[in-house]
Amino acid sequence: MNLVGLWAVGRVVGSTTADDETLRALWNEHAGPLLAYAMRLTGGDRGRAEDVVQETLLRTWRRPPEADPERPSLRPWLLTVAHRIAIDHHRARQARPTEVGEAALAGVAVDDDVDRALESWLVLEALRSLSQTHREVLLETYYRDRSVAEAAATLGIPEGTVKSRTFYALRSLRVALEERGVTS
Amino acid sequence: MTCTRETSVGAYILGILEPAEREEMARHLATCAICRSARDEFAALPGLLSRVTAQEVETATEPPGELAFRRLSAAADRARRLRRNRSVLSAAAAVLLVLLAGLTVAAWPDGSKPPTTVSASHGQVHARVTIQAADTGSQLTLQLRGVPSGQRCRLVVVGADGQREVAGSWTATYAGTAEVKGWSGLAPSDVHRVVVETPQGRDLVDFPLS
Ligand SMILES: [Zn+2]
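Residue numbers (our numbering), protein chains in the order written: chain A, 9 to 192; chain B, 52 to 261.
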């Protein structure tokens with residue numbers, strides 16, 4: 009969905025409903041991956057990350073970027089805005105002498121460039137699009153580093169099912185990534 | 052054409068097979084084109100999966116809640132009202148000018164971009180704030196002196212409809228000075244007042260803008 013276009017519709021109609029729908033669409037499509045990115049920017053602080061997400065989407069809703077046919081996706085824009093907001097927040101906190109330690113702890117330590125961040129976003133989004141059981145099996149096996157036997161015990165399914173489920177989960181993931189243009 | 056072992060290729064790729072089974076699978080791959088093809092299909096996936104963390108996957112499973120959306124929606128409502136009411140309320144904001152002593156307000160032609168600097172004094176407290184259009188809001192830089200040392204302060208931005216945003220907060224140094232950077236979602240032209248206040252809501256300095 010081209011959200012820049014959607015936003016434009018909202019403006020032309022000028023109705024509160026269309027505006028609300030735009031905001032909802034922005035939220036549904038971007039809030040999840042954006043939160044994950046913001047969590048990186050805030051050193052894992054969920055409260056601060058949610059603030060960054062909120063401000064990023066609010067700014068985008070209020071002043072969306074010019075529609076660019078070359079870059080139909082809003083993501084690079086959103087990532088850049090989120091990054092700047094996180095830095096602004098970080099600086100604002102640093103200005104408070106009593107919280108210097110805390111500020112250093114939650115430093116904006118992200119050297120990812122936008123392309124790299126974007127790829128992570130797409131992977132995350134592809135993972136989100138999987139069925140719950142597929143995502144769960146990858147979480148247990150790959151991310152929590154459990155063997156087939158351990159994952160079988162945790163998930164309460166036979167070992168053979170862990171294997172076949174992993175197989176189909178990876179296959180769905182590959183398709184989901186391909187749909188998002190991630191092929192390498 | 053199928054192979055009964057094909058469904059183990061995923062577990063093989065992710066490295067979760069027991070050592071004996073893993074070895075067996077490696078030998079099988081040398082002789083089975085079906086399984087090799089599945090292995091090739093999955094080859095890039097571990098690298099891509101490594102681009103996100105377990106925590107991120109868990110968070111993604113549970114996206115920000117409805118409550119967070121409502122918070123966003125409420126903020127959007129405020130912004131919308133602000134756009135509507137700006138012209139009506141600018142007259143009211145101008146009244147605030149009278150309340151201040153020793154105040155200089157730089158001209159602020161609507162829609163202009165250059166940073167605006169405003170100075171204000173209130174008793175012992177002297178302050179200067181610069182407001183600059185940021186990406187899609189405002190960046191504020193405040194210089195302050197004469198504040199009781201250790202005093203907790205907040206920099207608050209007030210929109211036309213009275214909407215308040217805390218742009219930053221800090222504790223004054225021993226010397227009672229501070230330089231603070233803050234950020235607001237309001238555009239410079241939407242900012243009607245900038246207030247430095249204590250957490251109890253007592254105004255230390257008030258900068259009306261119009
Ligand atoms: Zn085979």
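The beta-carbon is built from N, C-alpha and C at its ideal position, and this holds for glycine as well. The model shown is predicted, which means the values in this text are computed figures rather than measured ones.
Minimum C-alpha distance to residue i - residue among the options
i                     : options                       : result
residue 215 (chain B) : B:117, B:230, B:129 and B:96  : B:129
residue 192 (chain B) : B:229, B:257, B:118 and B:213 : B:229
residue 177 (chain A) : A:49, A:147 and A:155         : A:147
residue 121 (chain B) : A:122, A:141 and A:36         : A:36
residue 103 (chain B) : A:166, A:58 and A:48          : A:48
residue 254 (chain B) : B:239, B:212 and B:203        : B:203
residue 260 (chain B) : B:89, B:117, B:101 and B:169  : B:169
residue 33 (chain A)  : A:182, A:54, A:69 and A:46    : A:69
residue 94 (chain A)  : A:46, A:28 and A:149          : A:46
residue 91 (chain B)  : B:213, B:63, B:67 and B:105   : B:63
CB contact check: residue i to chain A, cutoff 9 angstroms
i                     : result
residue 74 (chain B)  : no
residue 258 (chain B) : no
residue 277 (chain B) : The requested residue 277 (chain B) does not occur in the structure, where chain B is confined to residues 52 to 261.
residue 196 (chain B) : no
residue 171 (chain B) : no
residue 176 (chain B) : no
residue 97 (chain B)  : yes
residue 115 (chain B) : yes
residue 248 (chain B) : no
residue 209 (chain B) : no
residue 231 (chain B) : yes
Cβ of residue i within 9 angstroms of any chain B Cβ
i                     : result
residue 187 (chain A) : no
residue 66 (chain A)  : yes
residue 58 (chain A)  : yes
residue 63 (chain A)  : yes
residue 165 (chain A) : no
residue 51 (chain A)  : no
residue 96 (chain A)  : yes
residue 114 (chain A) : Low local confidence applies: a pLDDT of 41 at residue 114 (chain A) is under 50, so the model's placement there is unreliable, with the coordinate-based value given in what follows. For residue 114 (chain A), the answer is no, since every Cβ of chain B falls outside 9 angstroms of its Cβ.
residue 122 (chain A) : no
residue 100 (chain A) : yes
Burial state of residue i, where buried means 16 or more other Cβ atoms lie within 10 Å
i                     : result
residue 52 (chain B)  : exposed
residue 190 (chain B) : buried
residue 94 (chain B)  : exposed
residue 164 (chain A) : exposed
residue 99 (chain B)  : buried
residue 200 (chain B) : exposed
residue 139 (chain B) : The predicted model places residue 139 (chain B) with a pLDDT of 49, which falls under 50 and marks its position as unreliable; any figure quoted below should be read in that light. Exposed is the call here.
residue 107 (chain B) : buried
residue 248 (chain B) : buried
residue 70 (chain B)  : exposed
residue 50 (chain A)  : buried
residue 240 (chain B) : buried
residue 40 (chain A)  : buried
Chain A residues whose Cβ lies nearer than 8 angstroms to that of residue i
i                    : result
residue 60 (chain B) : 175
Close Cβ partners of residue i (< 8 angstroms) along its chain, the five nearest in sequence each way excluded
i                     : result
residue 219 (chain B) : 191, 193, 205, 206, 231, 232, 233 and 234
residue 143 (chain A) : 135, 136 and 177
Chain A residues whose Cβ lies nearer than 7 angstroms to that of residue i
i                     : result
residue 188 (chain B) : 67
residue 65 (chain B)  : 149, 150 and 174
residue 110 (chain B) : 43, 44 and 47
Residues near residue i by beta carbon distance below 7 angstroms, same chain, minus five either side
i                     : result
residue 42 (chain A)  : 61, 64, 86 and 90
residue 171 (chain A) : 156
residue 188 (chain B) : 234, 235, 236, 237 and 238
residue 60 (chain B)  : 86, 89, 90 and 93
Same chain only: Cβ atoms within 6 angstroms of residue i, ignoring 5 sequence neighbours per side
i                     : result
residue 209 (chain B) : 215, 243 and 244
residue 83 (chain B)  : 54
residue 217 (chain B) : 205 and 207
residue 58 (chain A)  : none
residue 57 (chain B)  : 85, 86 and 89
Beta-carbon neighbours of residue i, restricted to chain B and to distances below 7 angstroms
i                     : result
residue 86 (chain A)  : Per Cβ cutoff of 7 angstroms: no residues; residue 86 (chain A) is ~12 angstroms from chain B at best.
residue 128 (chain A) : 102 and 103
residue 190 (chain A) : 99
Chain B contact residues for residue i, given Cβ-Cβ distances below 8 angstroms
i                     : result
residue 155 (chain A) : 67, 68 and 69
Neighbour list for residue i in chain B, Cβ cutoff strictly below 9 angstroms
i                    : result
residue 82 (chain A) : Those do not exist, as residue 82 (chain A) stays about 13 angstroms from chain B at its closest Cβ, beyond 9 angstroms.
Contact list for the stretch 120-132 of chain B against chain E, Cβ threshold 8 angstroms: Chain labels in this structure do not include chain E; the protein chains are A and B.
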